[in-house]
Amino acid sequence: MSTQTTRPLAARLTVGWHQAARPASLGEHHARYGPRPEAGRDLAGAVAAAGLTGRGGAGFPTGVKMRAVAARRGPAVVVVNGMESEPASEKDQALLARAPHLVLDGAVLAAHAVGAGTVHVCLDRARDQQITALMRAVGERRRARVDPVPVMVHGLPRHYVSSEETSLVRWLNGGEARPVTAPPRPSDRGVGRHPTLVDNVETLAHVALVARYGPAWFRSAGSSDAPGTFLVTAAGAVAGPGVYEIEGGTLVGDVLEMSGAVDDGFVLLGGYGGTWHPMREAAQLPLTAAGLRAAGASPGAGLVLALAPSSCGLAETTRILGYLAREGAQQCGPCRFGLPAIADDFAQLAAGRPEDGVLDRLHRRLGVIPGRGACRHPDGAVRLATSALNAFASDVRAHAAGHPCAAFRRGRTAAGLPIPRPRAEGQWR
Ligand SMILES: Cc1cc2nc3c(=O)[nH]c(=O)nc-3n(C[C@H](O)[C@H](O)[C@H](O)COP(=O)(O)O)c2cc1C
Ligand code: SF4
Numbered sequence: 001m002s003t004q005t006t007r008p009l010a011a012r013l014t015v016g017w018h019q020a021a022r023p024a025s026l027g028e029h030h031a032r033y034g035p036r037p038e039a040g041r042d043l044a045g046a047v048a049a050a051g052l053t054g055r056g057g058a059g060f061p062t063g064v065k066m067r068a069v070a071a072r073r074g075p076a077v078v079v080v081n082g083m084e085s086e087p088a089s090e091k092d093q094a095l096l097a098r099a100p101h102l103v104l105d106g107a108v109l110a111a112h113a114v115g116a117g118t119v120h121v122c123l124d125r126a127r128d129q130q131i132t133a134l135m136r137a138v139g140e141r142r143r144a145r146v147d148p149v150p151v152m153v154h155g156l157p158r159h160y161v162s163s164e165e166t167s168l169v170r171w172l173n174g175g176e177a178r179p180v181t182a183p184p185r186p187s188d189r190g191v192g193r194h195p196t197l198v199d200n201v202e203t204l205a206h207v208a209l210v211a212r213y214g215p216a217w218f219r220s221a222g223s224s225d226a227p228g229t230f231l232v233t234a235a236g237a238v239a240g241p242g243v244y245e246i247e248g249g250t251l252v253g254d255v256l257e258m259s260g261a262v263d264d265g266f267v268l269l270g271g272y273g274g275t276w277h278p279m280r281e282a283a284q285l286p287l288t289a290a291g292l293r294a295a296g297a298s299p300g301a302g303l304v305l306a307l308a309p310s311s312c313g314l315a316e317t318t319r320i321l322g323y324l325a326r327e328g329a330q331q332c333g334p335c336r337f338g339l340p341a342i343a344d345d346f347a348q349l350a351a352g353r354p355e356d357g358v359l360d361r362l363h364r365r366l367g368v369i370p371g372r373g374a375c376r377h378p379d380g381a382v383r384l385a386t387s388a389l390n391a392f393a394s395d396v397r398a399h400a401a402g403h404p405c406a407a408f409r410r411g412r413t414a415a416g417l418p419i420p421r422p423r424a425e426g427q428w429r
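Take the sequence shown: its position 428, counting from 1, is numbered 428 in this note's numbering, and each next residue is one higher.
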């Protein structure tokens, strides 16, 4: 890839990361960012003025959500979403591994702003070290008596959909970590039937910075439609996979350049429920919700995943679809029947041994699934599948005619994108 790099890397959340191989202590955190400011009830207004949007994938305005929770009657609850179930994403793990106190500051400040009496931190139970580090950070704060509200750390079962916000609320209420139909949204009725603010860990780290330095400072980085900085994960066929902090408005091509994309083939934007694009086209687009909209794409939680040179895009999509089909919570029709059927159609196509009419059937299925699940999980799988049919259209024709590409015949199907191993059934609690 060669594009002109227009924006340097930013360093707000990532200050000191290169020196630190371990989580910053409370003392180091205060030396880096200054002490936590007094909690103010006008924080929701400052966050709205900053234009901060959620970093967990949907990009909803954080100030609007905070105001909605604050406006409800009775005590509220804050839930910190640190689950990071997207298999290729590393940004939340990297943030928690280096700056846990920034996230906890944001959670406690948000709790005060929305009138919450408890903060719950939800983590993937399989990440032992992360849970230990967060409990240590919470203990440090308890001993220093810096937090006016109790902070509890929980380990939840690992599934792709267990990190969806209604799954977290259901689990915290004593149930299984599977999504439930909304409304009511957690902001109306969540943990213990209280209004509940669920925010991603990166979002809360930005809240902590807005509280310290104000909305104008926040907007001094980024673009008018994507203010501030964003953590992104670059993975797949790149020489420097990992987490980068970029300013809003940075081009996809800049991220590919800085992470050393090794080819100018195809890129998957937004994660496993995202969309494939030729790199040359995507490179010109800002990695923002507004910048990608016209191309039918979204940055999701900031994922830029490069397809390995000479890999088969159809085979790679088939692997991901198989994973997404396995990872549904099997509660709704689209998850139980629709996703396995799409994954099976793709497997036939990728292998170059399709049944008659597989493409027509696939298009029909892709048309009826969106919007039918209780959560957006099936919509993401359909988005991925549809974009693969478009991006790899000539391969699709060849495979449908029984002629899989050379990459597939050589067995070169893996882009290095991680597919977690299937887990034992039934572990949702
Ligand atoms: C299938 C699915 C998986 C999700 N996984 C995550 C996740 O791992 N981490 C996260 O913060 N948000 C995840 N979300 C989004 C959450 O439901 C919720 O919107 C988010 O935590 C809100 O925080 P934010 O406004 O700060 O982004 C997921 C959503 C869906 C539909
Ligand atoms: S669509 Fe799938 S993941 Fe979402 S609630 Fe229904 S069964 Fe669960």
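Beta carbons are placed, not taken as given, at the ideal position from N, Cα and C, and that holds for glycine.
Got a sec? Which residues, its chain only, sit under 8 Å from Ser223 by beta carbon, not counting five neighbours each side? Correct list, in chain order: Glu247, Gly248, Gly249, Pro286, Thr288.
Relative to ligand 1, is the shortest distance from any of its heavy atoms to the C-beta of Thr275 smaller than 7 Å? Checking the Cβ of Thr275 against ligand 1 gives no.
What I want to know is whether the C-beta of Met66 ends up closer than 7 Å to one or more non-hydrogen atoms of ligand 1. Relative to ligand 1, even the nearest heavy atom lies 7 Å or more away from the CB of Met66.
Indicate, with yes or no, if ligand 2 has a heavy atom lying under 7 Å from the CB of Gly175. Incorrect: Gly175 has no Cβ contact closer than 7 Å to ligand 2.
Excluding five sequence neighbours on each side, which residues of the same chain lie with their C-beta closer than 6 Å to the C-beta of Gly291? Taken in chain order, the residues that qualify are Leu285.
Bridge partners - Val66, DSSP secondary structure assignment: Rather than Val, the amino acid found at residue 66 in this sequence is Met. Per DSSP, none; premise fails for Met66.
Mind pulling the beta strand (DSSP E) runs of 3 or more residues that sit fully within the region 145 to 170? If we require 3 residues or more, the beta strand (DSSP E) runs fully inside the region 145 to 170 come out as 151 to 156.
Within the region 176 to 212, ranges of the beta strand (DSSP E) (whole runs, at least 3 residues): For the region 176 to 212, whole beta strand (DSSP E) runs of length 3 or above, ordered along the chain, are 196 to 200.
C-alpha gap between Ala315 and Ala347, whole angstroms: Rounded to the nearest angstrom, the two C-alpha atoms are 7 Å apart.
Proximal residues to Arg421 (C-beta, below 7 Å), its chain only, five neighbours per side dropped: There are no such residues.
Since Leu305 contacts Leu268 with CB under 8 Å, what's their CB separation in whole angstroms? Here Leu305 really is in contact with Leu268; their C-beta atoms are around 4 Å apart, less than 8 Å.
Whole angstroms are fine: how far does the CA of Ala350 sit from the CA of Ser2? Residue placement at Ser2 is flagged as unreliable, the pLDDT there being 42, under the threshold of 50; the coordinate-derived value follows with that caveat. Ser2 and Ala350 have their alpha carbons spaced roughly 30 Å apart.
Taking 6 Å as the limit between beta carbons, can you name the residues of its chain near Glu140, skipping five residues before and five after? In its chain, beyond the 5 residues on either side, Leu26 have a beta carbon closer than 6 Å to the beta carbon of Glu140.
Quick check on Tyr272: does DSSP put it in helix, strand or coil? Looking at Tyr272 - three-state DSSP - the assignment turns out to be coil, as it is neither helix nor strand.
Inter-residue CB distance, Leu417 and Ala235 (contact presumed, cutoff 8 Å): Contact holds; Cβ gap of about 7 Å.
Best match in Glu164, Gly59, Asp345 for proximity to Asp360 [C-alpha to C-alpha]: It is Asp345.
Cβ-heavy atom distance between Glu86 and ligand 1 below 7 Å? Checking every heavy atom of ligand 1 against the Cβ of Glu86, one is found closer than 7 Å.
Count the other CB atoms, across all protein chains shown, that sit within 10 Å of the CB of Ser167; report buried if there are 16 or more and exposed otherwise. Around the beta carbon of Ser167, 16 or more other beta carbons lie within 10 angstroms, which makes this residue buried.
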